[in-house]
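Enquirer: Sharing a structure here in structure tokens format.
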Amino acid sequence: MARGSAAESGIDREDAVLAALADLAGLAPSPVLAARLRRAAPLVAACDARAAHHDEPAWAALLDAVTVQETRLYRHPPQADLVGNLLPATLGRARAEGRPLRMLSAGCATGEEAFTLAAQGMQAMAEAPGAGLDILGLDLCRPALRSAAAGVISPGLGDPLGLVPAALRPWLEGPDGTPRLHPALRRSLDFRRANLLHGFGEAAGFDVIFCRNVLIYLTDAARAQVTAALAAALRPGGILALGPTDRAPAGLTAQGDSVWIKPP
Ligand SMILES: C[S@@+](CC[C@H](N)C(=O)[O-])C[C@H]1O[C@@H](n2cnc3c(N)ncnc32)[C@H](O)[C@@H]1O
300 MARGSAAESG
310 IDREDAVLAA
320 LADLAGLAPS
330 PVLAARLRRA
340 APLVAACDAR
350 AAHHDEPAWA
360 ALLDAVTVQE
370 TRLYRHPPQA
380 DLVGNLLPAT
390 LGRARAEGRP
400 LRMLSAGCAT
410 GEEAFTLAAQ
420 GMQAMAEAPG
430 AGLDILGLDL
440 CRPALRSAAA
450 GVISPGLGDP
460 LGLVPAALRP
470 WLEGPDGTPR
480 LHPALRRSLD
490 FRRANLLHGF
500 GEAAGFDVIF
510 CRNVLIYLTD
520 AARAQVTAAL
530 AAALRPGGIL
540 ALGPTDRAPA
550 GLTAQGDSVW
560 IKPP
């Protein structure tokens, strides 16, 4: 076979895998994704496009390898401050309804966004006790979820606590000043493997949803589908926080800094 044909079949294979990843997880083809696929060539070789599903072992391993897990505590301070200021009213509603405050980190990676929400929820409850706290982190990447479930604050770049306000530090810092989750905070956290393309089913009914730095990796169709599912999974009066380039679905009220409220 001519060299050109062999190269073309490689390109066809890459196109087929990119198309399957767009179908099964909503991942948009991009130069970054293509480069990650080339680095994961042995995993790609094990994938059968006809069996493409996020639970199929070869595809699950490929998703572990090609998804981007960058995250950190209190990652975008102005937005986190804004949500922190909105939390007492949200907590008051949960308390009045006799139920826990429920928060979701959709696309949680190694958990730092969920850890931040847990610390903010604990802080709000310390100031006005009376409701429980349930925080759920969802992601497709299994190694990231294992780290999140173990309660490990990833070292990342620089000081992991560098952006965390002093008031939240007791929940995220050990007595020796190193990053660690307070035991009470760990009890409020749950991490599960889930595909955001498949909606939230019985888990829906959140008071707060964060989905930052996730939709940017998705195709237009997947982004619209996930955004609509996030809005549907919010309680009336609930808070939705997205990334700076994301658009909220119709019907939510903008608060600034990519934060929206679902009308009560
Ligand atoms: C860059 S991280 C964002 C972490 C965190 N939200 C933050 O802003 O710090 C993006 C995460 O989205 C996850 N992700 C991408 N597509 C997904 C899908 N269809 N279902 C579930 N998780 C997905 C990736 O595995 C990755 O961990």
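Mapping of the sequence shown onto the numbering used here: residues 300 to 563, in sequence order. Glycine included, each C-beta is placed from N, C-alpha and C at the ideal position.
Around the C-beta of aspartate 311, are 16 or more other C-beta atoms found within 10 angstroms, so that it is buried, or is it exposed?
Expert: It is exposed - the Cβ of aspartate 311 has fewer than 16 other Cβ atoms within 10 Å.
Enquirer: Measuring CB to CB, does arginine 511 end up less than 8 Å from glycine 542?
Expert: The answer is yes: Cβ separation under 8 Å.
Enquirer: Who does isoleucine 434 pair with in a DSSP beta bridge?
Expert: DSSP, once it has assigned bridges, lists Met402 and Leu488 as partnering isoleucine 434.
Enquirer: Indicate, with yes or no, if ligand 1 has a heavy atom lying under 7 Å from the CB of threonine 477.
Expert: Checking every heavy atom of ligand 1 against the Cβ of threonine 477, none is found closer than 7 Å.
Enquirer: Rounded to the nearest angstrom, what separates alanine 351 and glycine 436 at their Cα positions?
Expert: Taking the straight line joining both Cα atoms gives about 24 Å.
Enquirer: Would you call the CB atoms of leucine 326 and leucine 517 closer than 8 Å?
Expert: Their beta carbons are under 8 Å apart, which means leucine 326 touches leucine 517 by this criterion.
Enquirer: Quick check: the segment 422-438 against the segment 386-399, are at least 3 beta-carbon pairs closer than 8 Å?
Expert: With the cut-off at 8 Å, the segment 386-399 and the segment 422-438 touch.
Enquirer: Considering only the beta carbon of each residue, do alanine 405 and alanine 364 sit closer than 8 Å?
Expert: Contact: no.
Enquirer: Grab the span of the alpha helix (DSSP H) containing alanine 357 for me, first residue to last.
Expert: Per DSSP, alanine 357 belongs to the alpha helix (DSSP H) from 356-365.
Enquirer: Helix, strand or coil: how does DSSP classify glycine 555 here?
Expert: Of the three classes helix, strand and coil, the one that applies to glycine 555 here is strand, per DSSP.
Enquirer: Are at least three pairs of beta-carbons, each pair with one atom in the segment 408-427 and one in the segment 364-376, less than 8 Å apart?
Expert: Yes: the two stretches touch, three or more of their Cβ pairs being nearer than 8 Å.
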